[in-house]
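So the structure is just underneath, and the comments pick up after that.
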Amino acid sequence: MKKIIYITLILVTALSCEVLEVKPQNSVPAEDAFKTKDDIDKGILGAYASFQSLSYYGRTFGIFSDLASDNLSHPVDATATEYAEVDNNSILPENGSVDGIWSLAYDGINVANNVIVKVPSIADMSEQEKNVALAELYFIRALNHFNLLNYFGGVPVKITPTVGAGALDVPRNSEEEVYSQIINDLMFASDYLPASSNKVRTSKYAAKALLAKVYLYKKDYPQAKTLASEVITEGGYTLLPNYNDIFADDASAESIFEISFSQLERNRISEYNFPTSLNGRREVEPSQNLLDAYEANDERFEASIAFEGDKAYAIKYDDLSLGADNFIVLRVADMYLVRAEAEANLPNPDVSAVQSDLNDIRLRANLQPTSESGITQLQRLIEKERRIEFAFEGQRWFDLVRTDRAIAVLPNVNGTNQTLFPIPSDEIQTNNDPGMVQNPGY
1 MKKIIYITLI
11 LVTALSCEVL
21 EVKPQNSVPA
31 EDAFKTKDDI
41 DKGILGAYAS
51 FQSLSYYGRT
61 FGIFSDLASD
71 NLSHPVDATA
81 TEYAEVDNNS
91 ILPENGSVDG
101 IWSLAYDGIN
111 VANNVIVKVP
121 SIADMSEQEK
131 NVALAELYFI
141 RALNHFNLLN
151 YFGGVPVKIT
161 PTVGAGALDV
171 PRNSEEEVYS
181 QIINDLMFAS
191 DYLPASSNKV
201 RTSKYAAKAL
211 LAKVYLYKKD
221 YPQAKTLASE
231 VITEGGYTLL
241 PNYNDIFADD
251 ASAESIFEIS
261 FSQLERNRIS
271 EYNFPTSLNG
281 RREVEPSQNL
291 LDAYEANDER
301 FEASIAFEGD
311 KAYAIKYDDL
321 SLGADNFIVL
331 RVADMYLVRA
341 EAEANLPNPD
351 VSAVQSDLND
361 IRLRANLQPT
371 SESGITQLQR
381 LIEKERRIEF
391 AFEGQRWFDL
401 VRTDRAIAVL
411 PNVNGTNQTL
421 FPIPSDEIQT
431 NNDPGMVQNP
441 GY
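full-length UniProt numbering applies: residue 1 is where the sequence shown begins, and numbers increase by one.
This is the structure in structure tokens:
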């Protein structure tokens, strides 16, 4: 974040209603960048572009959540030392990949903020169009802040644009303050965004789905349950009968929101997962602990993991040649498990409702329904189902940390100071605000 940031005008050509090709053009002065409705739309698309970075959803962000937990391991013959640090939970503040997550999230926030301040002055937009544009930008800003919060804890909340080198020395906000801003942004987004079938731009129910997760992480279980139910019953999304179909094509009926990738804006997820014999780098591999966690006949196994000889590798994102797989950020199966977990944590939980949501997920995976009725046991089963259902989708670390289970489950996590990643050293060294302090233990 401590860098000179210019407003970049992003021109985006839509090859289809679902796929966006982003082509950065030369920087232009901020006062000249946004004058028309079309300029605002280009700016919104530019705000999405940070998500496509290799340091973000293009590779690192999702992989690190599984690698820091017990889903992925760093092979002994792999070469990326920054990945080894995450696997061993001995991350240095100088870790360049961690710095990339931080920097790209704030880049996305800053682009969104620079467009937000221009929306009110656009003459050829109605008030309704302005509110829809702002809602989309608020969603982008909220998702970035939420991702930062989950890796780093309390971070600076940025709601004003940065142009040039000013206003870069800022303190960290508390986790509660970050949550408050995220919730405010998503409430506005869910009020003004329309329902939409476009999965690579946000919609009313994408905002509600993300808000349901935010409330779950915040342990506001009644709100999480209510919003997850709205997405399930009103959003028009469907649990696909075959788990493999979720990843066979982009924009399935189960998907709520995806990050767009193509052969021009490609990801490197499969490259880091696939073995070298298949032209991958094999910087990560499924852990034996994860392989052992699958129940017999679980159809999610073959849809998630393949073998080259005796070496397992993740295959949910398998387009090695083009890197054109979209990355799914939100899908409706998550809402079933959010609702189940929220219900299980209420003072007087409806056990049958928890079982019903769990069994919708288990039956789709060709598993027997659970008849477990103990709340603690159901909570552990939800934890396990989330692990298997979302393996290699970048959720496991966050799930263990937010439920205070990381220390109990992960052998490399020995104290609460290890449940947050370090603030990047560049930020600590160049941000001169006394409120910018490092996380404990680093």
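Yeah, the Cβ is synthetic: ideal placement off N, Cα and C, and Gly gets one too.
Apart from sequence neighbours up to five positions away, the residues of its chain that approach D87 with a beta-carbon distance below 7 Å are L67, S73 and H74, ordered along the chain. A residue is called buried when at least 16 other Cβ atoms come within 10 angstroms of its Cβ; V111 meets this threshold and is buried.
Fewer than three pairs of CB atoms, one per stretch, sit closer than 8 Å, so the region 43-59 makes no contact with the region 242-250. By the criterion of a C-beta distance shorter than 6 Å, I328 is surrounded in its chain by S255 and E258, once the five residues flanking it on both sides are discounted. Three or more beta-carbon pairs separated by less than 8 Å link the region 258-271 to the region 42-54, which places the two stretches in contact. Rounded to the nearest angstrom, the Cβ distance from A212 to V338 is 5 Å, consistent with a contact under 8 Å. Take the alpha-carbon of N359 and the one of G435: they are about 47 Å apart.
DSSP places F327 inside the beta strand (DSSP E), whose first and last residues are F327 to R331. The residue from I375, T36 and V437 with its alpha-carbon nearest to that of A133 is T36. Fewer than three beta-carbon pairs drawn from the region 193-210 and the region 297-307 are found closer than 8 Å, and the two stretches are therefore not classed as touching. The alpha helix (DSSP H) runs lying completely inside the region 193-260 and spanning 4 residues or more are 204-217, 221-234 and 245-248, given in chain order. In the displayed model, S53 falls within coil according to three-state DSSP, outside both helix and strand.
Counting other Cβ atoms within 10 Å of its Cβ, L322 stays below 16 and is therefore classed as exposed. Annotation for P424: P93, V98, D99 and W102 place their beta carbon closer than 7 Å to its own, counting only its chain and skipping 5 residues before and after. One alpha carbon belongs to E372, the other to N150, and they sit about 31 Å apart. In the DSSP assignment, I361 falls outside any beta strand (DSSP E) and within the unbroken alpha helix (DSSP H) covering V351 to R364.
Counting C-beta atoms within 10 angstroms of its own C-beta, E234 has fewer than 16 neighbours from the protein chains shown and is therefore classed as exposed. Annotation for S287: D70, N71, L72 and S73 place their beta carbon closer than 7 Å to its own, counting only its chain and skipping 5 residues before and after. If you compare the alpha carbons of H145, V76 and I91 with that of Y106, the shortest gap goes to H145.
Under the three-state reduction of DSSP output, S73 falls in the strand class. P156 places its beta carbon less than 8 Å from that of R172. 8 Å or more divides the Cβ of F34 from the Cβ of G46. Only exposed fits V76, as fewer than 16 other CB atoms lie within 10 angstroms of its CB. In this structure, the alpha-carbon of I315 lies about 42 Å from that of K118. The three-state secondary structure of E285, taken from DSSP, is strand. Secondary structure of I159 (DSSP, three-state): coil. Here DSSP, grouped into helix, strand and coil, assigns F307 to strand.
Burial check for E176: the Cβ neighbour count within 10 Å stays below 16, so the residue is exposed. Going by beta carbons, A207 and F139 fall inside the 8 Å limit. Counting along the chain, K316 sits inside no alpha helix (DSSP H), nor does DSSP assign it H or E at all. Per the coordinates, the alpha-carbon of E385 lies some 11 Å from the alpha-carbon of E295.
The alpha-carbon separation between R201 and D41 amounts to approximately 11 Å. If you draw a straight line from the Cα of V413 to the Cα of S126, it comes to about 52 Å.
In this structure, P440 keeps its C-beta atom at 8 Å or more from the C-beta atom of I91. Note on T160: under 16 other CB atoms within 10 angstroms of its CB, so exposed under the neighbour-count rule. Taking all protein chains shown into account, L363 has fewer than 16 neighbouring C-beta atoms within 10 Å of its C-beta and is therefore exposed.
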